[in-house]
DNA sequence: CTGCGATTTTGCTCTGGCGCAAACTCCTGA
DNA sequence: TCAGGAGTTTGCGCCAGAGCAAAATCGCAG
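Chains as they are written, first to last, in our numbering: chain A, 935 to 1176; chain B, 935 to 1176.
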């Protein structure tokens, strides 16, 4: 939508990627410099602006990705056009790893929540990565396990908690995963609208707005447009459990 | 609770398990007779009566299982004691495969929905299975992928659908996965209470009861105690989508 | 065959939170 | 600097479905 000018020439392979990009990331941390070099040489680097789909639900899983910078929302879109956010993925994690669970198409759509940078590889390299690179498979499945755990938690939350608790939980999770310490609290590190939060908690933007207004009056949070700062996490924890 | 007499001596290793038990099951179908023999010789076979926990959430994942006969419900229990059913697993599938996703404890509790029989192996054999037995890893991850897909679907349903649609969907899924064709319709192949259905759809047994009563009047379903027969699946599909 | 506990049905009330509508406010791009 | 649109707030009415209560059934154990 915005800044179409930039969107067009977005794809580009940088001249030479530095090894340090990957050496600290779990899936690659046990590899030798030489192996990382090979991996990087096979990678495509690309910048995605905010709001762009990295890949889309149902499409053939042609590539898998490592998010180097930014945040990505993984969403599913219902037949009636509603969006449901399944996960938030921070920089440093793999995404689009359909191949790892025996799928040939992406099970969900990945949309950037900020301008982002990701490496990607053709899916045909997946098996090589798994077999050649020590720790890659293990770390990948750990990530997967973590996500399964999160999905499970979401199900339980949706099934048993009130809206207020779900929103409180969502905020807590967001500041845990992607929070940045700032003057007077912890702020969510990327722009997030009431609408986004409502898609994350299965409610409406109106209800989210009401809740945030209420909490702001009580000094639990502060918010401006697309920005939310949590000032009293503990109070939210209490709310989320009652 | 019931029939404690039977519960006590339940564990037993049968003298010699027949290879045909496993040869048709996907995770093992590509193996040679000799390999299957080895696998069976390492297995413990056990019968579980209905309502018994095969393993419990949070406990160390000491064994993994292959359900040979029966049905198992995978549930999570909230701090307040409510149960939420995450999945139903039919005979022929692996369960308790925490190790596959890098976990050392079970993420949920597995409860038998009928009397059941399962083989199990100590988790330390997992890596051997994955590396030695062709197709085992692939099939396992396919299963996992399938379950992730189901979980995703549940999230979307919980987030966007009305209770009536969720219950209709749940019934349809149950008859698809575990339905048995009978006179005048398809019956769910194991005893299931209104309570069970409500835990599967995040509602109350009262609401489920009302819905079933209504549907029964319209001839869509027939039900007795712990038994539900779907007479007009197509009508349910329509309901589940509107 | 009987009694009892488990399961199911049904009525009534109450409310969380959605839907609708409208006003407001803050950025952004020109 | 200003206009317009995206994002946010707030009020109001309503209703799906939960909670509570009680009665009605069913089917198994003894």
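Glycine included, every Cβ here is placed at the ideal spot set by N, Cα and C.
It is roughly 44 Å from the alpha-carbon of residue 1129 of chain A to the alpha-carbon of residue 1119 of chain B. In the DSSP assignment, residue 1085 of chain A forms no beta bridge with any residue.
Under the Cβ criterion of 9 Å, residue 1126 of chain B is not counted among the residues facing chain A. Under the Cβ criterion of 9 Å, residue 1110 of chain B is not counted among the residues facing chain A.
Residue 1073 of chain B counts as buried, since no fewer than 16 other beta carbons sit within 10 angstroms of its beta carbon. Those residues of the segment 973-991 of chain B placed with their C-beta closer than 8 Å to a C-beta in chain A do not exist.
For the C-beta of residue 1083 of chain A, the chain B residues within less than 9 Å are, from N- to C-terminus, 1035, 1037 and 1041.
Secondary structure within the segment 960-1034 of chain A: the alpha helix (DSSP H) runs of 4 or more consecutive residues, fully enclosed, are 967-976 (chain order).
Taken in chain order, the members of the segment 1052-1076 of chain B whose beta-carbon sits within less than 7 Å of a beta-carbon on chain A are 1072, 1075 and 1076. In the DSSP assignment, residue 1173 of chain B falls within the alpha helix (DSSP H) that extends over 1167-1175. Chain A has a Cβ within less than 9 Å of the Cβ of residue 1080 of chain B. Inside the segment 1128-1168 of chain A, DSSP marks whole alpha helix (DSSP H) runs of 4 or more residues at positions 1128-1135 and 1139-1151, from first to last along the chain. Fewer than three beta-carbon pairs drawn from the segment 1022-1030 of chain B and the segment 969-982 of chain B are found closer than 8 Å, and the two stretches are therefore not classed as touching.
Annotation for residue 957 of chain B: the continuous alpha helix (DSSP H) segment containing it runs 954-957.
In the pairwise beta carbon analysis, the segment 1041-1054 of chain A is classified as touching the segment 997-1004 of chain A: at least three pairs are separated by under 8 Å. Counting C-beta atoms within 10 angstroms of its own C-beta, residue 1012 of chain A has fewer than 16 neighbours from the protein chains shown and is therefore classed as exposed. Residues of the same chain with a CB within less than 7 Å of the CB of residue 1149 of chain B, apart from the 5 flanking positions on each side, are 1155 in chain order.
Look at residue 1068 of chain A here: in three-state DSSP terms it is coil, with no helix or strand label. Taking 9 Å as the threshold, the shortest C-beta distance from residue 1089 of chain A to chain B falls below it. DSSP places residue 1037 of chain B outside both helix and strand once states are collapsed to three, so it counts as coil. For residue 1103 of chain B, no chain A residue has a C-beta closer than 7 Å to its own C-beta; the minimum C-beta separation is roughly 13 Å. Sixteen is the threshold: since fewer than 16 other Cβ atoms of the shown chains lie within 10 Å of the Cβ of residue 1110 of chain A, the residue is exposed.
Residue environment analysis places residue 992 of chain B among the exposed positions, since fewer than 16 neighbouring C-beta atoms fall within 10 angstroms of its C-beta. Residue 1091 of chain B sits buried, since 16 or more C-beta atoms from the chains shown fall within 10 Å of its C-beta. DSSP places residue 1114 of chain B in the uninterrupted beta strand (DSSP E) bounded by 1113-1116. Interface with chain B (9 Å Cβ-Cβ cutoff): residue 1018 of chain A is included. Residue 1123 of chain A counts as buried, since at least 16 other C-beta atoms from the protein chains shown sit within 10 angstroms of its C-beta. When the alpha-carbon of residue 998 of chain A is set against those of A/1108, A/1147 and A/1035, the nearest one is in A/1035.
Using a Cβ distance threshold of 9 Å, residue 983 of chain B and residue 1133 of chain B do not count as a contacting pair.
Put simply, the CB of residue 1152 of chain B is far from chain A, with every gap to its CB atoms at 9 Å or more.
Of the residues B/1171, B/1078 and B/953, the one whose Cα lies closest to the Cα of residue 1102 of chain B is B/1171.
Residue 1053 of chain A carries a strand assignment under DSSP once its states are collapsed to helix, strand and coil. By a beta-carbon distance limit of 8 Å, residue 1055 of chain A does not contact residue 995 of chain A. Their separation comes to about 12 Å.
A residue is called buried once 16 or more other Cβ atoms fall within 10 Å of its Cβ, and residue 990 of chain A, having fewer, is exposed. Counting the other Cβ atoms within 10 Å of the Cβ of residue 1174 of chain B gives 16 or more, which makes it buried. Taking a contact as a CB-CB distance under 8 Å, the pair residue 1135 of chain A and residue 1018 of chain B does not count as one, their CB atoms being some 17 Å apart.
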